[in-house]
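I have placed the structure first, in the form of structure tokens, so that the comments after it can refer back to it.
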């Protein structure tokens with residue numbers, strides 16, 4: 002199947018790569034942009050086109066996905082030197098698939114609209130495996146006409162689109178609240194399993210029972226399994242939550258809201274990052290608690306605990 | 002169906018009442034004990050027998066369930082004046098269905114064993130509705146012979162028994178870890194929904210989306226619905242978590258474990274209790290955060306927020 006639609010993906014990290022490959026698989030001609038030339042070569046080998054700048058990629062695109070790391074990078078690839086917007090045709094749909102402060106997403110979407118573009122505020126989730134399978138989830142808000150135009154591309158990369166209103170901003174707000182809960186639940190999982198280990202409970206049995214009880218959470222089931230197995234291969238890294246809970250904390254402060262659990266969790270992620278675990282799986286926040294309690298967790302060496 | 006087994010239930014609060022009624026429904030002759038005489042009259046009207054003291058109830062019982070509030074009350078009804086143990090036959094099975102510090106449960110079970118009784122450490126969960134339906138969950142550890150003897154009674158009141166080893170203590174330990182997670186997740190739910198309301202997100206939509214995302218938890222789904230509906234009818238009260246997270250905090254301190262999320266959550270439950278919400282649903286912890294952020298939550302009057 003081929004589409005009349007041309008897509009571009011700016012940023013071929015784990016999520017952007019998965020999106021770009023899923024677009025190719027669905028027959029959508031797709032141009033990739035990344036600062037790493039090896040990644041672009043790999044993408045060409047998969048049948049994609051590569052561009053050296055966002056501006057070059059934007060020239061022929063009808064739909065442009067932005068998969069960079071944060072709001073600053075998003076602004077650069079859109080409006081900076083060789084940015085996409087100056088070279089894009091009027092009416093091009095821009096999907097901002099970046100977890101950033103809602104206020105930043107709203108401001109960038111407003112600038113896109115003022116430049117004659119059609120923005121969709123579209124933070125994603127699901128991890129790299131789902132991204133590669135074309136099954137990420139997107140929370141999205143924007144003009145229905147933009148959704149209509151982008152529909153074949155969205156269908157190619159997602160298993161679920163949460164439509165959250167016609168005005169950009171709402172999606173990033175809901176995503177931020179989701180990250181608050183996700184980050185706190187990871188920290189809670191670490192705290193619970195570390196205390197369990199310290200008082201001598203068998204972690205596998207503890208995990209199995211809690212998964213069936215009212216203390217469970219999506220993150221307990223998912224990340225708890227990593228801690229019990231002692232496997233800190235990064236699916237999503239500690240530093241992602243340093244960023245995402247940092248966004249929650251600053252936006253909450255701005256709004257005049259107390260967020261004591263976010264504050265406590267963010268401190269743990271900061272400590273884990275400072276201890277050298279920033280690129281490990283986010284469940285490595287447990288290593289900080291284990292070290293301070295002098296308790297052994299599966300797969301954690303003594304050196305890491307010091 | 003009738004059983005040769007005679008049961009007693011000490012403490013006819015919401016969980017104990019549900020257990021006692023479920024025992025009657027299953028044909029197990031059951032004696033109830035409570036300090037409230039109206040409750041005993043209601044129990045007689047349902048076909049139960051009543052006793053005025055634990056000692057009186059213990060005389061004919063093969064299996065005795067203890068459903069009082071905490072470790073001190075448990076000690077009183079077992080070993081205090083008119084306590085059950087002095088009057089019980091050797092080999093009577095005692096199920097301690099109370100959430101208490103694991104160290105206290107172990108000590109009480111040891112004393113029961115020393116008195117010739119068969120103790121099962123058996124904290125329960127599930128709430129009053131499930132209790133009444135004979136569908137509570139029990140985490141239980143103790144001698145297999147005690148389980149065998151109590152089987153018809155356990156079957157009458159539970160839908161799920163988690164067997165956690167042959168020595169009392171393990172069940173209370175796992176229950177404590179479950180309560181850590183449950184309490185933190187309730188506080189996180191309150192924090193997330195309050196921030197969501199403050200930045201203007203529609204709470205029903207936020208709730209519906211998060212329930213399908215990685216930020217969800219059993220408590221978010223359950224208690225989040227209470228906050229969105231503005232319904233603080235107590236299913237489980239704020240003061241229960243003042244107690245249960247207090248147990249976690251003190252046992253963790255004893256063990257030399259940092260529990261920053263427990264600490265932050267316990268502070269919120271204390272604040273909610275001090276503000277007069279101790280007997281409301283535990284989700285009323287959100288009222289404390291809403292008041293400090295000056296944000297309206299559904300069903301919360303201005304007076305409550307001041």
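Protein chains in written order, with the working numbering: chain X, 2 to 307; chain D, 2 to 307. Even for Gly, the Cβ is constructed at its ideal location relative to N, Cα and C. Everything numeric in this text was worked out from a predicted model, so none of it was measured.
Problem - Distance between residue 43(X) and residue 158(X) (C-alpha atoms, nearest Å) - result: As a first step, residue 158(X) is located in the first chain; it is residue number 157 there, counting from the start. As a first step, residue 43(X) is located in the first chain; it is residue number 42 there, counting from the start. Rounded to whole angstroms, residue 158(X) to residue 43(X) spans 19 Å at the Cα level.
Problem - Short CB-CB distance (under 8 Å) between residue 133(D) and chain X - result: Stepping through the second chain from its first residue, residue 133(D) is reached at position 132. So no, residue 133(D) is outside the interface.
Exercise for the section: Can you have a look at residue 149(D) and say buried or exposed, based on whether 16 or more other CB atoms are within 10 angstroms of its CB? Expected result: Locating residue 149(D) in the second chain gives position 148, counting from the first residue. Label assigned to residue 149(D): exposed.
Problem - Euclidean distance between Cα positions of residue 307(D) and residue 247(X) - result: Locating residue 307(D) in the second chain gives position 306, where the first residue counts as 1. Locating residue 247(X) in the first chain gives position 246, where the first residue counts as 1. Its pLDDT being 42, under 50, residue 307(D) is placed unreliably by the model, and nothing is read from it.
Handout entry: residue 285(X) versus residue 239(X): straight-line alpha-carbon distance, rounded
Key = Taking the first residue of the first chain as 1, we reach residue 285(X) at position 284. Taking the first residue of the first chain as 1, we reach residue 239(X) at position 238. Computed Cα separation, rounded: 7 Å.
Practice task
Anything in chain D within Cβ reach of residue 124(X), meaning under 9 Å, just list it in chain order.
Solution key: Position 123 of the first chain, counting from 1, holds the residue named residue 124(X). Simply none; closest approach about 11 Å.
Practice task
Could you tell me whether the Cβ atoms of residue 262(D) and residue 210(X) are closer together than 8 Å?
Solution key: Here the question's residue 262(D) lines up with position 261 in the second chain. Here the question's residue 210(X) lines up with position 209 in the first chain. Between residue 262(D) and residue 210(X), the CB-CB gap reaches or exceeds 8 Å.
Exercise for the section: Taking residue 214(X) and residue 126(D) to be in contact with their CB atoms under 8 Å, please state how far apart those CB atoms are, rounded to whole angstroms. Expected result: On the first chain, residue 214(X) is found 213 positions in, with the first residue counted as 1. On the second chain, residue 126(D) is found 125 positions in, with the first residue counted as 1. Between residue 126(D) and residue 214(X) the Cβ distance is about 7 Å, and since that is below 8 Å, they are a contact.
Problem - At least three beta-carbon pairs within less than 8 Å, the region 229-239 of chain X to the region 271-289 of chain X - result: With a cut-off of 8 Å, the region 271-289 of chain X and the region 229-239 of chain X count as touching, because enough Cβ pairs lie within range.
Exercise for the section: Return no unless some Cβ of chain X is closer than 8 Å to the Cβ of residue 192(D). Expected result: Stepping through the second chain from its first residue, residue 192(D) is reached at position 191. Taking 8 Å as the threshold, the shortest C-beta distance from residue 192(D) to chain X falls below it.
Practice task
Have a look at 179(X), 299(X), 66(X) and 242(X) and flag the residue whose alpha-carbon is nearest the alpha-carbon of residue 227(X).
Solution key: One-based indexing of the first chain puts residue 227(X) at position 226. By alpha-carbon distance to residue 227(X), the top candidate from 179(X), 299(X), 66(X) and 242(X) is 299(X).
Exercise for the section: Would you please verify whether the beta carbon of residue 261(X) is less than 8 Å from any beta carbon of chain D? Expected result: Indexing the first chain from 1 puts residue 261(X) at position 260. Yes, its Cβ sits closer than 8 Å to a Cβ of chain D.
Handout entry: Span separating the alpha-carbon of residue 266(D) from that of residue 104(X)
Key = The sequence position of residue 266(D) within the second chain is 265, counting from 1. The sequence position of residue 104(X) within the first chain is 103, counting from 1. Between residue 266(D) and residue 104(X), the C-alpha separation is close to 28 Å.
Problem - Rounded straight-line distance, which links the Cα of residue 93(D) to that of residue 112(D) - result: Counting from 1 along the second chain, the entry for residue 112(D) is found at position 111. Counting from 1 along the second chain, the entry for residue 93(D) is found at position 92. For residue 112(D) and residue 93(D), the distance between alpha carbons rounds to 13 Å.
Handout entry: 8 Å Cβ cutoff met for residue 207(X) and residue 178(D)
Key = Indexing the first chain from 1 puts residue 207(X) at position 206. Indexing the second chain from 1 puts residue 178(D) at position 177. Yes.
Exercise for the section: Could you spell out where the alpha helix (DSSP H) holding residue 24(D) opens and where it closes? Expected result: On the second chain, position 23 is the one that residue 24(D) refers to. Here the alpha helix (DSSP H) through residue 24(D) covers 15-26.
Practice task
Please confirm whether any heavy atom of the ligand GTP lies closer than 7 Å to the CB of residue 73(D).
Solution key: For the ligand GTP, the structure offers nothing, since it holds no ligand at all.
Problem - Segment contact, 8 Å Cβ cut-off, at least three pairs: the region 49-57 of chain D with the region 68-75 of chain D - result: In short, these stretches do not touch, since the Cβ pair count stays below three.
Problem - Sufficient close CB pairs (3 or more, under 8 Å) joining the region 118-133 of chain D to the region 19-30 of chain D - result: Touching, yes, given that three or more Cβ pairs across the two stretches are closer than 8 Å.
Handout entry: Proximal residues of chain D, C-beta to C-beta of residue 174(X) below 9 Å
Key = The count along the first chain starts at 1 and reaches residue 174(X) at position 173. For residue 174(X), the C-beta contacts it makes with chain D under 9 Å involve 197, 200, 201, 202 and 207, in order along the chain.
Handout entry: Opposing strand residues paired with residue 220(D) [DSSP bridges]
Key = Walking along the second chain from the start, residue 220(D) turns up at place 219. Paired residue(s): none; residue 220(D) is not in a bridge.
Problem - Which listed residue (64(X), 222(X), 191(X) and 217(X)) has its alpha carbon closest to that of residue 273(X) - result: As a first step, residue 273(X) is located in the first chain; it is residue number 272 there, counting from the start. Out of 64(X), 222(X), 191(X) and 217(X), 191(X) has the C-alpha closest to the C-alpha of residue 273(X).
Problem - residue 307(X) - DSSP class collapsed to helix/strand/coil - result: As a working note, residue 307(X) is residue 306 in the first chain. The predicted model places residue 307(X) with a pLDDT of 42, which falls under 50 and marks its position as unreliable, so this point remains unresolved.
Exercise for the section: Report yes if the CB atom of residue 137(D) is closer than 8 Å to the CB atom of residue 220(D), and no otherwise. Expected result: As a position in the second chain, residue 137(D) is number 136, starting the count at 1. As a position in the second chain, residue 220(D) is number 219, starting the count at 1. If you check the CB distance, residue 137(D) and residue 220(D) do not come in under 8 Å.
Exercise for the section: Return the chain-ordered ranges of every alpha helix (DSSP H) run that is complete within the region 230-301 of chain X and spans a minimum of 4 residues. Expected result: With a minimum length of 4 residues, the continuous alpha helix (DSSP H) runs that stay inside the region 230-301 of chain X are 239-256, 261-273 and 286-294.
Exercise for the section: Taking residue 140(X) as the query, report the chain D residues whose CB atoms sit under 9 Å from its CB, ordered along the chain. Expected result: Numbered from its first residue, the first chain carries residue 140(X) at position 139. Those are 210 and 214, listed as they occur along chain D.
Exercise for the section: For residue 219(D), decide whether its Cβ has a neighbour in chain X, counting only Cβ atoms nearer than 8 Å. Expected result: Working through the second chain from its first residue, we reach residue 219(D) at position 218. At a cut-off of 8 Å between beta-carbon atoms, residue 219(D) makes contact with chain X.
Practice task
Tell whether a beta-carbon distance below 8 Å holds between residue 141(X) and residue 123(X).
Solution key: Your numbering for residue 141(X) matches position 140 in the first chain. Your numbering for residue 123(X) matches position 122 in the first chain. Closer than 8 Å, so yes.
Practice task
Measure from the C-beta of residue 2(D) to each C-beta in chain X and report whether the shortest distance is under 8 Å.
Solution key: Taking the second chain and counting its residues from 1, one reaches residue 2(D) at position 1. With a pLDDT of only 48 at residue 2(D), under 50, the local geometry of the prediction cannot be trusted, and the value read off the model is given with reservation. Closer than 8 Å: no.
Practice task
Find the nearest neighbour of residue 165(D) within the set 180(X), 173(X), 183(X) and 204(X), judged by alpha-carbon distance.
Solution key: Position 164 of the second chain holds residue 165(D). Cα-wise, what sits closest to residue 165(D) is 204(X).
Problem - Per-residue contacts from residue 229(X) into chain D (C-beta, under 8 Å) - result: Locating residue 229(X) in the first chain gives position 228, where the first residue counts as 1. Going along chain D, no residue has its Cβ under 8 Å from residue 229(X), so there is no contact; the nearest lies around 13 Å.
Problem - Contacts of residue 1(D) in chain X (Cβ-Cβ under 8 Å) - result: Residue 1(D) is absent from the model: chain D starts at 2 and stops at 307.
Problem - CA-to-CA distance, residue 65(D) to residue 194(X), given in whole angstroms - result: As a position in the first chain, residue 194(X) is number 193, starting the count at 1. As a position in the second chain, residue 65(D) is number 64, starting the count at 1. Using only the alpha carbons, I get a separation of about 33 Å.
Practice task
Answer with buried or exposed for residue 45(X), where buried requires no fewer than 16 other C-beta atoms within 10 angstroms of its C-beta.
Solution key: Within the first chain, numbered from 1, the residue matching residue 45(X) stands at position 44. Counting the other Cβ atoms within 10 Å of the Cβ of residue 45(X) gives fewer than 16, which makes it exposed.
Problem - residue 6(X) to residue 63(X) span [Cα, whole Å] - result: The count along the first chain starts at 1 and reaches residue 6(X) at position 5. The count along the first chain starts at 1 and reaches residue 63(X) at position 62. Rounded to whole angstroms, residue 6(X) to residue 63(X) spans 6 Å at the Cα level.
Problem - Beta-carbon gap between residue 97(X) and residue 82(X) smaller than 8 Å - result: Taking the first chain and counting its residues from 1, one reaches residue 97(X) at position 96. Taking the first chain and counting its residues from 1, one reaches residue 82(X) at position 81. Cβ distance not < 8 Å, so residue 97(X) and residue 82(X) don't count as in contact.
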